[in-house]
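S.K.: Chains as they are written, first to last, in my numbering: chain B, 210 to 447; chain H, 210 to 447.
There are 2 protein chains.
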Amino acid sequence: MTQNNELVDARNVVFERFTDMLLECNVISKRHTDMYPITDIGTKLFSGEEEKGDGEKETILATVNRMAAPFLGITSVGVHLLCYVRGNGDDDSSDDGDKTNIGLFQNVIKEAGEEAGIDPEVVTKNALSTGCLSQMTCKPNDGTCMKQSLYYIWDMEVDRKTFIPHPADGEVVQFELCTAKQLEYEVRYGNRLRPAMILVITDFLIRHGIITPDNESDYSKIIAAIHRERLVLEYVPP
Amino acid sequence: MTQNNELVDARNVVFERFTDMLLECNVISKRHTDMYPITDIGTKLFSGEEEKGDGEKETILATVNRMAAPFLGITSVGVHLLCYVRGNGDDDSSDDGDKTNIGLFQNVIKEAGEEAGIDPEVVTKNALSTGCLSQMTCKPNDGTCMKQSLYYIWDMEVDRKTFIPHPADGEVVQFELCTAKQLEYEVRYGNRLRPAMILVITDFLIRHGIITPDNESDYSKIIAAIHRERLVLEYVPP
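1) Using a beta-carbon distance below 8 Å, is Gly-251/H in contact with chain B?
2) Output needed for Tyr-398/H: all residues of its chain with C-beta closer than 7 Å, excluding positions within five of it in sequence on either side, in chain order.
3) Using a Cβ-Cβ cutoff of 7 Å, what residues of the segment 390-424 of chain B are near chain H? List them in chain order.
4) Is any beta-carbon of chain B found at less than 8 Å from that of Arg-437/H?
5) With 16 as the cutoff for other CB atoms within 10 Å, does Lys-334/B come out buried or exposed?
6) Nearest-angstrom Cα distance between Pro-376/H and Gly-326/H?
7) Within a Cβ cutoff of 6 Å, which residues of the same chain sit near Leu-337/B, ignoring the five residues on either side of it in sequence?
8) Looking only at C-alpha atoms, which of Ile-237/B, Ile-419/B, Thr-268/B sits nearest to Pro-246/B?
9) Whether or not the segment 340-358 of chain B and the segment 390-409 of chain B are in contact is what I'm after, with contact meaning three or more pairs of Cβ atoms, one per stretch, closer than 8 Å; do they touch?
10) Do you know whose CA, among Gly-379/H, Ile-420/H, Gly-352/H, Val-382/H, lies nearest Gln-391/H's CA?
11) What residues from the segment 235-249 of chain H come within 8 Å of chain B, judged by C-beta to C-beta, listed N to C?
12) What residue does the alpha helix (DSSP H) around Lys-319/B start on, and which one ends it?
13) With 16 as the cutoff for other CB atoms within 10 Å, does Leu-281/B come out buried or exposed?
14) Please tell me whether Leu-291/H has its Cβ less than 8 Å away from any Cβ of chain B.
15) Output the boundary residues of the alpha helix (DSSP H) element that contains Thr-333/B.
16) Might you give, ordered along the chain, the residues of its own chain that have their beta carbon closer than 7 Å to the beta carbon of Arg-437/H, omitting 5 neighbours on each side?
17) State yes or no: is the beta carbon of Ala-271/B nearer than 8 Å to at least one beta carbon in chain H?
18) Can you give me the C-alpha to C-alpha distance between Val-331/H and Phe-413/H, rounded to a whole angstrom?
19) Under a CB-based cut-off of 8 Å, is Cys-341/H close to chain B?
20) Which residues mark the beginning and the end of the alpha helix (DSSP H) in which Ile-269/H is found?
21) Assign Asn-274/H to one of two classes, buried (16 or more other C-beta atoms within 10 Å of its C-beta) or exposed (fewer than that).
22) Name the chain B residues whose beta carbon is nearer than 8 Å to that of Phe-314/H?
23) Residues bridged to Leu-342/H by DSSP?
24) How would you write the range of the beta strand (DSSP E) that Ile-247/B sits in, first residue to last?
25) Which chain B residues are close to Ser-285/H, counting only those with a beta carbon under 9 Å from its beta carbon?
26) What is the residue span of the beta strand (DSSP E) that Val-288/H lies within?
27) Skipping 5 residues on each side, what residues in its chain have a beta carbon closer than 6 Å to that of Ala-321/B?
28) For the alpha helix (DSSP H) containing Val-409/H, name the first residue and the last one.
29) Report the neighbours of Leu-216/B on chain A: residues whose CB is nearer than 7 Å to its CB, in chain order.
30) Is the shortest distance between the beta-carbon of Tyr-361/B and the beta-carbons of chain H less than 8 Å?
31) Using 8 Å as the limit for Cβ to Cβ distance, is Ser-358/H near chain B?
32) Taking all protein chains shown into account, decide if Gln-357/H is buried (16 or more other Cβ within 10 angstroms of its Cβ) or exposed.
33) Taking Cβ positions, are Ile-237/H and Ala-277/H nearer each other than 8 Å?
34) Buried or exposed for Met-230/H, going by 16 or more other Cβ atoms inside 10 Å?
35) What does Asn-274/H pair with, by DSSP beta-bridge criteria?
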């Protein structure tokens with residue numbers, strides 16, 4: 210156990226040096242405030258290998274600064290909670306990386322409280338997990354820094370009169386109720402959504418019957434693309 | 210136009226001979242009552258080629274007996290309507306191949322009426338398209354006859370008291386209300402569902418928060434698999 214901790218510490222030192230290098234070479238402009246835990250998610254998700262039992266925690270192999278992680282081919286895992294009122298499609302009210310080693314839904318509950326001031330009991334009772342999406346992004350100017358992301362999605366139907374999310378920890382500036390048509394316009398032609406949100410909202414519009422096979426000729430192509438396995442670098446234990 | 214019809218007729222003759230051959234060699238045991246239209250769905254769905262405008266109908270290149278189609282590598286397209294009451298997950302009340310060249314949702318409405326006696330107005334008003342799934346199956350005994358299928362899915366929430374589907378055209382024997390737990394048991398351990406229904410019900414249970422990333426360790430692997438592009442043989446126009 211001590212030996213293992215020493216190994217993790219040694220790896221962390223290397224990753225810190227790597228982050229310094231990226232900064233010195235102006236590949237990244239700053240350190241992120243979060244550190245990202247590297248686990249063996251690659252083998253867990255897409256290989257044919259046996260999984261650990263549900264009770265067993267994932268082993269953290271090392272931690273790396275979040276800004277440096279994509280340059281190492283590390284899959285970023287995030288959770289999104291999409292809140293909507295019937296007849297409307299709301300932008301998601303909270304999202305965040307899977308920072309800690311708690312269950313994914315526990316992470317949703319925690320972040321919904323921190324970022325949007327939503328009562329944990331409300332989320333526990335009403336949020337429904339609906340799937341997961343994958344995306345690979347890169348810097349638009351030169352195609353570098355390909356980043357592989359996996360987003361786990363929850364929907365929560367809310368009452369327009371009583372549900373009032375508010376920026377709690379300052380990470381979100383404001384919340385806005387959008388119609389499904391506004392969201393469809395944004396994913397098709399707009400520039401207000403970042404890539405992860407285009408992905409998540411497109412999936413929402415597909416799952417809720419706004420984008421359909423009869424009004425979108427690329428329907429099945431889009432659905433295949435947002436669920437596609439990507440390159441995942443496997444960790445081979447020594 | 211006449212020349213094109215002659216070409217289609219000539220192809221149909223060849224496919225009829227091919228079906229005869231499969232019968233003579235005992236590869237298939239009988240002719241299906243349906244003929245399957247071959248369109249250029251392959252290039253439409255998964256290649257980078259330009260699509261036709263929404264108004265333009267797909268060209269039928271030939272028709273082939275439904276039993277013989279998978280042996281030609283032809284993608285089978287079907288639609289499924291899943292009816293459920295809140296708090297329960299119902300097996301789907303109607304499903305059928307995309308036989309004719311009408312819109313997919315029109316096909317759902319038509320089949321829901323024919324197979325389950327559901328009022329077209331009810332389906333038009335309440336059914337929501339939720340996505341599409343892909344599956345490749347083969348004969349379990351020898352692995353032959355790999356069949357590629359694409360299923361377009363609609364959900365319809367119904368009122369348990371007033372919604373009474375009934376076998377209308379005799380294709381369905383009976384309808385049964387199942388709990389989500391029963392359905393989960395069936396897809397995990399049961400033998401009552403055919404492969405297409407295991408696919409469709411698994412997706413339903415994922416989309417409705419019954420199977421979640423925290424209770425199923427293969428969660429993201431399953432989601433990637435049921436949406437994966439498969440081999441599609443492209444038709445290259447002469």
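In this text, a Cβ means the ideal position worked out from N, Cα and C, and glycines have one as well.
M.R.: This is what the structure gives:
1) Working through the second sequence from its first residue, we reach residue 251/H at position 42. Because Gly-251/H sits at a pLDDT of 45, beneath the cut-off of 50, its placement in the model cannot be relied upon, and the following sentence gives the value as read from the coordinates. Judged by the 8 Å Cβ criterion, Gly-251/H is not in contact with chain B.
2) The residue labelled residue 398/H in the question sits at position 189 within the second sequence. The answer is none, since no qualifying residue turns up.
3) Residues Ile-415, Arg-416, His-417, Gly-418, Thr-421, Pro-422, Asp-423.
4) Residue 437/H sits at position 228 when you count from the first residue of the second sequence. For Arg-437/H, the answer is yes, since a Cβ of chain B falls inside 8 Å of its Cβ.
5) Taking the first residue of the first sequence as 1, we reach residue 334/B at position 125. With fewer than 16 other Cβ atoms within 10 Å, it is exposed.
6) Along the second sequence, read from residue 1 onward, the residue named residue 376/H stands at position 167. Along the second sequence, read from residue 1 onward, the residue named residue 326/H stands at position 117. Between Pro-376/H and Gly-326/H, the C-alpha separation is close to 7 Å.
7) Taking the first residue of the first sequence as 1, we reach residue 337/B at position 128. Cβ within range, chain order: Asp-364.
8) Position 37 of the first sequence, counting from 1, holds the residue named residue 246/B. Per the Cα distances, Thr-268/B.
9) yes
10) Numbered from 1 along the second sequence, position 182 holds the residue referred to as residue 391/H. Closest option to Gln-391/H, Cα to Cα, is Ile-420/H.
11) none
12) Working through the first sequence from its first residue, we reach residue 319/B at position 110. Its alpha helix (DSSP H) spans residues 313-325.
13) For this step, residue 281/B is matched to residue 72 along the first sequence. Answer is exposed; the Cβ neighbour count stays below 16.
14) Working through the second sequence from its first residue, we reach residue 291/H at position 82. No - not a single Cβ of chain B is within 8 Å of the one on Leu-291/H.
15) Here residue 333/B is taken as the residue at index 124 of the first sequence, counted from 1. From DSSP, the alpha helix (DSSP H) with Thr-333/B extends over 329-335.
16) By one-based count along the second sequence, residue 437/H stands at place 228. Counting only Cβ-Cβ distances below 7 Å, and skipping sequence neighbours, we find Ser-343.
17) Within the first sequence, the letter at position 62 stands for residue 271/B. Ala-271/B does not count as touching chain H.
18) Counted from its first residue, the second sequence places residue 331/H at position 122. Counted from its first residue, the second sequence places residue 413/H at position 204. Answer to the nearest angstrom: the Cα atoms are 21 Å apart.
19) The residue you call residue 341/H lines up with position 132 of the second sequence. It does; some Cβ of chain B falls within 8 Å.
20) On the second sequence, position 60 is the one that residue 269/H refers to. Counting along the chain, Ile-269/H falls outside any alpha helix (DSSP H), and DSSP gives it neither H nor E.
21) Taking the second sequence and counting its residues from 1, the one referred to as residue 274/H is at position 65. Buried: at least 16 other Cβ atoms inside 10 Å.
22) Taking the first residue of the second sequence as position 1, residue 314/H is located at position 105. Per Cβ cutoff of 8 Å: Thr-421, Pro-422, Asp-423.
23) Position 133 of the second sequence, counted from the start, is the residue given in the question as residue 342/H. Answer by DSSP bridge pairing, in chain order: Tyr-360/H.
24) In the first sequence, counting from the first residue as 1, residue 247/B sits at position 38. Here the beta strand (DSSP E) through Ile-247/B covers 244-247.
25) Within the second sequence, residue 285/H is the residue found at index 76, counting from 1. Neighbours of Ser-285/H on chain B: none; closest Cβ ~13 Å, over 9 Å.
26) For the purposes of this step, residue 288/H is taken as the residue at position 79 of the second sequence. Run containing Val-288/H: 285-293, per the beta strand (DSSP E) assignment.
27) Here residue 321/B refers to the residue found at position 112 when the first sequence is read from its first residue. Closer than 6 Å at Cβ, skipping near neighbours: Leu-290, Ser-303, Ile-327, Val-332.
28) To locate residue 409/H, count along the second sequence from 1; it is residue 200. Start and end: 404-416.
29) Here chain A cannot be found, since the structure's protein chains are B and H.
30) Looking up residue 361/B in the first sequence gives position 152. For Tyr-361/B, the answer is yes, since a Cβ of chain H falls inside 8 Å of its Cβ.
31) Locating residue 358/H in the second sequence gives position 149, counting from the first residue. Output row for Ser-358/H: interface = no.
32) Position 148 of the second sequence, counting from 1, holds the residue named residue 357/H. Its Cβ being crowded by 16 or more others within 10 Å, Gln-357/H is buried.
33) For the purposes of this step, residue 237/H is taken as residue 28 along the second sequence, with counting starting at 1. For the purposes of this step, residue 277/H is taken as residue 68 along the second sequence, with counting starting at 1. Yes, the pair counts as a contact, with Cβ atoms nearer than the cut-off.
34) Stepping through the second sequence from its first residue, residue 230/H is reached at position 21. That one is exposed.
35) Here residue 274/H corresponds to residue number 65 of the second sequence, with the count starting at 1. Looking at the DSSP output, Asn-274/H shares a beta bridge with Met-244/H.
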